[in-house]
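**Student:** One structure coming up, written as C-alpha cells, with questions to follow.
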Amino acid sequence: MQTVPQISISNALPVIFVPLIVIVVISAMKDFFEDYKRMQSDKTENNMKIEVYNKEKKTFEFMSWQELHPGHIIKVRRDKYLPADTVLLFSSEQKGVCYIETKNLDGETNLDLKFADQRIHKHIRSEENLHQDCLIINYEKPSPLIYIFNGYLTAKNNDKIPLGPDNIILRGCSLKNTEFIIGVVVYTGHQSKIMYNILTVKKKKTAVENLMEKFITKIFYIQCLLCLLCSSSYLIWYHNNRNSLKYLQILVSDDNYEDQPVYNFLIRFGNWVLIFTNFVPISLLVTLEMVKFIQGITMSQDEKIQYTSVQSSNLNEQLGQINHIFCDKTGTLTQNIMQFKQIAVGYTIYGEQNYEFCSPLSDEEINKYYPKVNNVDFRDRLFMNIIKSEDSPEYEKVIHILFLLASCHSVQTNFSSGNIFYTASSPDEYAIINFAKFSGVEFMGIDNEQNICVKFNQKEYKSKLLHNFEFDSTRKRQSIIIKDFNGKYFLFCKGADSVISNLRRNDTDDTLINCLHERLRNFGAQGLRTLMLADREIEENQYLEWVQKYNNAQNTLENKEIEIEMLQNELEMNLNILGATAIEDKLQYEVPETIEALKNSGIKIWVLTGDKIETAINIAYACNLLDDSLEKAIIDSEHENEVVKFLEETLENFKNIEKNYNNNYGNKNSFQKTLNCALVISGHSLIHITKPHIKILILNITKYCKCVLCCRVSPKQKQEVVTTIRENDKSAITLAIGDGANDVNMITASHVGIGIKGVEGNQAARASDYSINQFKDLRRLLFYHGRECYRRNSQLVCYNFFKNILLVLPQFWYGFTNWFSGQTLYNSFIYQLFNIFFSSLPVMVYAIYDQEYPDHVLTKNKKKNYYEQGLKNQLFNPKVFWVWFASAFIQGGVVVTISLYSLEQTFVTPDGHSQWFWASGTMIFGLIVVISNIKILIMSNEHSLGSLVINFGSMFSYLITWVVISNINTTEIYRTIGQMFLTVNFHLGNILAITATSFFDWALSLYQKWNYNSVTEIEKSLPLKYETNIQAKQYLLKAQACINVKANNKQGFILNSRKGKGSKYGNTGYAFNQIEKKKQIQNQQMV
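Residues 1 to 1087 in UniProt numbering are what the sequence shown spells out, letter by letter.
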C-alpha cells in the first residue's frame, strides 16, 4: 500500500520494508540455525556405515544406512546401533541371544533380551552358510506398535518358524554385552517403528499468548474502526466545507478524487490504514520469542537446579500460572531405589520390625555369613533359621517361594571376572532377585537349553523354561511355565494382588486370603510396594494339549495377540496363593517441603500412581499431601451403578453443606477454603471417567477437594485424567510431572510437561517441555523462574502494545486540527525505526534480567504468596490491558496538546514565523521515544550499568538519527533540530510533557508496589471474624460427620476422618520418611 501514490504517506516508498526485513532476517536466522542443526544430524545418521552381506562376494561390505532396504542381511557389532528394524538370525552367543539397550526407543536403561529361534540354526549354522540356504520371511505391514510383531520364516523344507517381538530388534536400539549379531532387515526409513512413533505434537500455547492473540484481534478491529471513523469524518467535513476551500486551489479534473465521495473515502481510508500501521505491534512476536529463548538458557544454567533442560521455552510464563499438578509417584516423589523389606509366607510375615522373640541379624553377621547384595534390608533371623533347618514345618513353603522368586522374572545375567551381575527390567525385580540370593537361593542364569539354573546349598537345580508370559500394565502380572528338576510342570505367577486373588482356586481357604489381604494392607500402610505370589501344578497331558494350541496361535497372523492372550489366561487360573513381598521406596530429598509449599501457594495436586490405595494414602501423608485436618473420601468399586450412586450422594451432601453454610455465614467465597477434603479414587472406578455423567460428577466433587489421589491407574488412565480436567475446566492450567515411559502420555497431554531424569530412563525427559533432576527442583522452577517469567513477559506484552499505541494515537489526536485529512506527523523513515532501534532493546533486557525480589525469597514463598499473581492472572487480563491502552491513549493526547501549544501556538522564529507541523511531529516523536524508555525505567525493579546504558543509548540513538535526517535537505524535517533547540519553549514543553506522563506513571507504580508489599504473610484465614470462623469450622465438621454415617455402610466406599493423636494413621509414612520412626510404627494397625 505504501507504493500506491494516492494513499502513500511515504512518497510511494515502501519504507516498512526496513523493519520488516530486520524482523524476517532475525526469524530466518533463528529458524535456519535450528533447521541446519537438524539437517546435519540427519545427514550424519544417514551416512553412518553398516556391514551388509554381499551374496556374490560371500562377504560383508560397508554400506550407508540410507542405502538399506528390506531383505538386506546386516551384521551389527557390540555397542553399535541398529539402522533398521531387523529380525535376528543368530548371534555370537551360543544360544542365539543378545542384549540390547532401548533407551533411544522407550527411555529404558535396563537391557532387554532378544533371541533367534534355535530352529533357524538348523538352516544357517554360521555366517559362512548365508549363501547356501534360502529363507522366506512373511510378516505384517508396518505399524506403530513397538511391542507387537507377527510373522513366520519358511525354510526349503516348508518348515515354518514363528517370529514374534522377542525375535526383532528395532531401529535405534544398541547392541550390548554381545560381540555381534546377524539379521535380516524388515522395515527401513519411515516404515520403521521408531519413525511411526515420532508424534507430531500439537504446539502448545500459553494462556498469555492466547489472550494476547485475542487482544491483537481487538486492536485490529479498533484500528479498522478508527480508520473508518477518521475517513468518514473527513468526507463529511469536506462535503460541508468544499465551497470555502478555494484558496487550496483544488482543480476539478478527471484525476481529481476530492469530489468523488466513494473514491475520496477509499483514499482517506488507505491513508489512515498506513498511518495506523504500527497499531498492531508486528515486532511483538519476534521480541517475545527471543526473550523466551534467552530465558530458557538462563533456566538451564541455573546452578541451584542443575541438569535442568528446556525443550519448549515458549511456555516459560505458563510455569507461573500452574493451578493443577499431576504427579507420578515412583521415581518422581520417591527415589525409585528399591529395598526388599518383608515377605509374607502363608499366615506369617517375616521381616517385621518386631523382634520380641528373636533378635535381628547384626551388620557383622550379615557381612560375615551372607552374600553381599544390594537393595536388600532384611534382618529376620527366624526366616534365615527356617532356611537352614529342613525339619522346620515352614521349610518347604519358604524354599518353594524362594525358588519362585529366583525363577519368575526377566532378569538377565552377565559374568565378569568370575562374578555374576544382574540386569533387571525394573528396580523391583532387581531387589527381589537379590533377596533370593541373600536367602541362599541364587539365580545363575539361563543356559543354552533354556534351563533356569538356580543354586541352593552348593547344588545347582535346573528347571526347563517353557514359556514366559511377560508383565504389562493391562495384565498386571508375570507368569512362567517350567518343567522342574523333578519332572513336574508348574506355572509360577506374581503380580498385583487385585488381579492374582481373582485367579485363585475355588477351594482356597478364605481365612488365608483375608489374612493375606490384611498383611498387604499393612504393607501399604507402611508405604511398601507389594506383589502377590502364586503357583499352579499342571498335568503333563494338559500342558501338551495346551502347547499345541499355543504354537498354532503363534503361527497365525490374524488376531494372533487375542488368541495368545486367551490361551495364557486359560492356564493363569485356579492358582494356589502362596504369599506376598513388600519393597520400600523412600521419598526423594525435600519432597514433603516442596509439596507443602505448592499446596500453600494454591496449587491443587493430583498424585497418579499404580500403587494400592493404602500405599498411596500413606505416601500422601509422608509427603505432606494429606494431613490430619483433611477428610478423605475413598471410591473403590468396579460397578458403575455403585460409583454413580456414591458420587451423586457425596456431591449432594457437599452442596447442602455449602448452601447451609452460606445461609448461616453469608460468605460464598470462603466455603471452599473452610471445607478440607481429599478424594482417593481407584483405577477400577476411573475406568468409567470417560462417561459424561461420571466425568461431570467427579469434576464437581474435586472442586471441594484440596488434593486428589488416583490409585491403581494405568498410563492411559493418567492421560485421561489430565485430558478430562483440561478440557472441562477452562480455567485449569495443568502441569504433569513424571520420570518413566508410562508417564509420557500424561506429560504430552498437559499444558506443561515436566520430565525427571531418573532410574527409569530418559523417555519422559525427552518428551517433556522441561526436564529437571529432582522433584524439589520444581519449587524453584515454578516459584522463581515461572513467576518471574510470567511477570516480565506479561509486562513485555503490555508494554509493546502501550508504546505502539502511544506512537500511533498522537496522529489521531492531531487529526482534530485538520479534520482527519490523513496527514502524517512523522518522518516516514524515522517512524519505521521506532520498534527496531529506539524502543526494542531496553524491554528485552528488562524481560530477561529484571528481578522483583531475591530468588531465595520467591523460592521459599513464605513471607506472602508471591505466586498468587499468576494463579489469579493479575498481571495480564482484560482489565490490565485496557488500563494500559487507556494510559497510552491519554498520554498520547497530552503529548500532542503540549507539543502543539509549545511550537505552533506560541513559538515564533527570529524571522517572525511560527513553526510548522513537521516540527511539532518531530517533537511529539521524540517525546514518545523518551516516555517509552522512561516507562522501562519505571517498570524495572533493579538497574545495572548495562541496562542504563542500553536504555539511555536507545534515546541517544534517536537523537543521532534526528541529527542526520535533519541535515538532509530533501526531508520534511530539514534543519528542524537547530531551530527547535535554540528556543526555551521546546525544552519547557518536553519537561512539562514528561512530567505530566512519566511522573504520573512513576507515582502510580510506587503506590502499586507499596500496596503489594503491605501484605506480610500468606492469607490462610477466612475474611470473617475469629469467632465466626470457629463456628463455621464446627458446623462443617458436623456436616462431614453426617456424610461419614451415610457412606460407611456402602460397599466399596469409605469417607473417613483422620484427626487427632488417636488416629490409626497418626504416625504415617514410615517407609518414606527421611527420619526413622520405627518405634511408632510397631504399634500401628490397619483397620
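Glycine included, each C-beta is placed from N, C-alpha and C at the ideal position.
With DSSP as the reference, identify every bridge partner of Cys711, one or two as the case may be.
**Tutor:** Working through the sequence shown from its first residue, we reach residue 711 at position 711. Answer is Ser682.
**Student:** DSSP beta-bridge partners for Asn773?
**Tutor:** Within the sequence shown, the letter at position 773 stands for residue 773. Answer is none; Asn773 lacks a bridge partner.
**Student:** What would DSSP say about Asp497, mapped onto helix, strand or coil?
**Tutor:** Here residue 497 refers to the residue found at position 497 of the sequence shown. Residue state, collapsed to three classes: helix.
**Student:** Contact defined as beta carbons within less than 8 Å: I believe Val752 pairs with Leu319. What is the distance between those atoms, to the nearest angstrom?
**Tutor:** Within the sequence shown, residue 752 is the residue found at index 752, counting from 1. Within the sequence shown, residue 319 is the residue found at index 319, counting from 1. Confirmed, Cβ separation roughly 6 Å.
**Student:** Using 8 Å as the threshold, is the region 288-305 in touch with the region 567-580, meaning 3 or more CB pairs across them?
**Tutor:** No, they do not touch.
**Student:** Locate the beta strand (DSSP E) running through His467, then write down its first and last residues.
**Tutor:** Here residue 467 refers to the residue found at position 467 when the sequence shown is read from its first residue. 459-469 is the extent of the beta strand (DSSP E) around His467.
**Student:** Which of the three DSSP states is assigned to Lys193 in this structure?
**Tutor:** One-based indexing of the sequence shown puts residue 193 at position 193. Three-state result, Lys193: helix.
**Student:** How far does the beta strand (DSSP E) with Pro162 in it extend, from its first residue to its last?
**Tutor:** Counted from its first residue, the sequence shown places residue 162 at position 162. 160-163 is the extent of the beta strand (DSSP E) around Pro162.
**Student:** Let me check understanding here. Comparing Cα to Cα, which of Pro261, Asp743, Cys227 lies closest to Asn240?
**Tutor:** Position 240 of the sequence shown, counted from the start, is the residue given in the question as residue 240. Closest by alpha carbon: Pro261.
**Student:** Is Leu285 closer than 9 Å to Val591 when the C-beta atoms are compared?
**Tutor:** On the sequence shown, residue 591 is found 591 positions in, with the first residue counted as 1. On the sequence shown, residue 285 is found 285 positions in, with the first residue counted as 1. Contact flag unset, no.
**Student:** With DSSP as the reference, label Leu575 as helix, strand or coil.
**Tutor:** One-based indexing of the sequence shown puts residue 575 at position 575. It is a strand residue.
**Student:** In three-state terms, what does DSSP make of Gln874?
**Tutor:** If you number the sequence shown from 1, residue 874 lands on position 874. Here Gln874 sits in coil by DSSP.
**Student:** So, at 8 Å on beta carbons, what are the nonlocal neighbours of Trp882 in its own chain, with the 5 sequence-adjacent residues on each side left out?
**Tutor:** Counted from its first residue, the sequence shown places residue 882 at position 882. Counting only Cβ-Cβ distances below 8 Å, and skipping sequence neighbours, we find nothing.
**Student:** Could you check which residue in Ser417, Pro360, Val411, Tyr350 has the C-alpha nearest to that of Ile401?
**Tutor:** By 1-based counting over the sequence shown, the position of residue 401 is 401. Ranking the options by Cα distance to Ile401, first place goes to Tyr350.
**Student:** Taking the runs of the alpha helix (DSSP H) that are 4 residues or longer, which of them lie wholly in the region 223-309?
**Tutor:** You should have 261-275, 284-300.
**Student:** Which word fits Asn990, buried or exposed, when buried means at least 16 other C-beta atoms lie within 10 angstroms of its C-beta?
**Tutor:** On the sequence shown, residue 990 is found 990 positions in, with the first residue counted as 1. Under this definition Asn990 is a buried residue.
**Student:** Count the other CB atoms within 10 Å of the CB of Asn502; is the residue buried (16 or more) or exposed (fewer)?
**Tutor:** Here residue 502 refers to the residue found at position 502 when the sequence shown is read from its first residue. Counting Cβ neighbours within 10 Å, Asn502 comes out exposed, since fewer than 16 surround it.
**Student:** Do Pro842 and Ser731 have their CB atoms nearer than 9 Å?
**Tutor:** As a position in the sequence shown, residue 842 is number 842, starting the count at 1. As a position in the sequence shown, residue 731 is number 731, starting the count at 1. For Pro842 and Ser731, no; Cβs fall outside 9 Å.
**Student:** Helix, strand or coil: which one does DSSP assign to Asn728?
**Tutor:** Here residue 728 is taken as the residue at index 728 of the sequence shown, counted from 1. Note: Asn728 maps to helix in three-state DSSP.
**Student:** Just to confirm the assignment: which complete beta strand (DSSP E) runs, minimum length 3, are found wholly within the region 912-982?
**Tutor:** Whole beta strand (DSSP E) segments, 3+ residues: zero.
**Student:** Look up Ile698 in the DSSP assignment and say whether it is helix, strand or coil.
**Tutor:** One-based indexing of the sequence shown puts residue 698 at position 698. DSSP places Ile698 in helix when its eight states are reduced to three.
**Student:** What residue does the beta strand (DSSP E) around residue 1126 start on, and which one ends it?
**Tutor:** The question about residue 1126 has no answer, for the chain in this structure spans 1 to 1087.
**Student:** At which residues does the alpha helix (DSSP H) containing Phe986 begin and terminate?
**Tutor:** What you label residue 986 is simply residue 986 of the sequence shown in a count that begins at 1. Note, Phe986: alpha helix (DSSP H), 984-994.
**Student:** Taking only runs that begin and end inside the region 65-130, name each unbroken beta strand (DSSP E) of 3 or more residues, in chain order.
**Tutor:** Here the runs fully enclosed are 73-77, 85-91, 97-101, 111-115.
**Student:** Under DSSP, the beta strand (DSSP E) around Val184 begins and ends at which residues?
**Tutor:** Indexing the sequence shown from 1 puts residue 184 at position 184. Per DSSP, Val184 belongs to the beta strand (DSSP E) from 180-187.
**Student:** Ends of the beta strand (DSSP E) at Asn414?
**Tutor:** Here the question's residue 414 lines up with position 414 in the sequence shown. Segment 412-416, the beta strand (DSSP E) holding Asn414.
**Student:** Thr859: which of Glu317, Arg519, Ala597, Thr348 sits nearest, CA to CA?
**Tutor:** On the sequence shown, position 859 is the one that residue 859 refers to. Answer by Cα proximity: Ala597.
**Student:** Buried or exposed: which applies to Gly953, given that a residue is buried once 16 or more other Cβ atoms fall within 10 Å of its Cβ?
**Tutor:** Translated into positions along the sequence shown, residue 953 becomes position 953. Result: exposed.
**Student:** Look up His324 in the DSSP assignment and say whether it is helix, strand or coil.
**Tutor:** Working through the sequence shown from its first residue, we reach residue 324 at position 324. The answer is strand: DSSP assigns His324 an E or B state.
**Student:** Can you check which of these residues, Lys58, Lys55, Thr44, Asn138, is closest to Val87 by C-alpha distance?
**Tutor:** The residue given as residue 87 occupies position 87 in the sequence shown. Of the candidates Lys58, Lys55, Thr44, Asn138, the one whose C-alpha sits nearest the C-alpha of Val87 is Asn138.
**Student:** Report the partner residues of Ser174 according to the DSSP bridge assignment.
**Tutor:** On the sequence shown, position 174 is the one that residue 174 refers to. Partner(s): Tyr81, Glu101.
**Student:** In this structure, how does DSSP classify Leu626 when only helix, strand and coil are distinguished?
**Tutor:** In the sequence shown, the residue the question calls residue 626 occupies position 626. Looking at Leu626 - three-state DSSP - the assignment turns out to be coil, as it is neither helix nor strand.
**Student:** DSSP three-state label for Ala764, please.
**Tutor:** The residue you call residue 764 lines up with position 764 of the sequence shown. Correct three-state label for Ala764: helix.
**Student:** Excluding five sequence neighbours on each side, which residues of the same chain lie with their C-beta closer than 6 Å to the C-beta of Asn1048?
**Tutor:** Position 1048 of the sequence shown, counted from the first residue, corresponds to residue 1048. Reliability fails at Asn1048, whose pLDDT of 39 lies under 50, so the model's placement of it is uncertain and no value is given.
**Student:** How many Å lie between Ala749 and Gly331 at the Cα?
**Tutor:** On the sequence shown, position 749 is the one that residue 749 refers to. On the sequence shown, position 331 is the one that residue 331 refers to. Going by the C-alpha atoms only, they are around 20 Å apart.
**Student:** Rounded to whole angstroms, what is the Cα-Cα separation between Leu20 and Phe834?
**Tutor:** Locating residue 20 in the sequence shown gives position 20, where the first residue counts as 1. Locating residue 834 in the sequence shown gives position 834, where the first residue counts as 1. Each residue's alpha carbon lies about 12 Å from the other.
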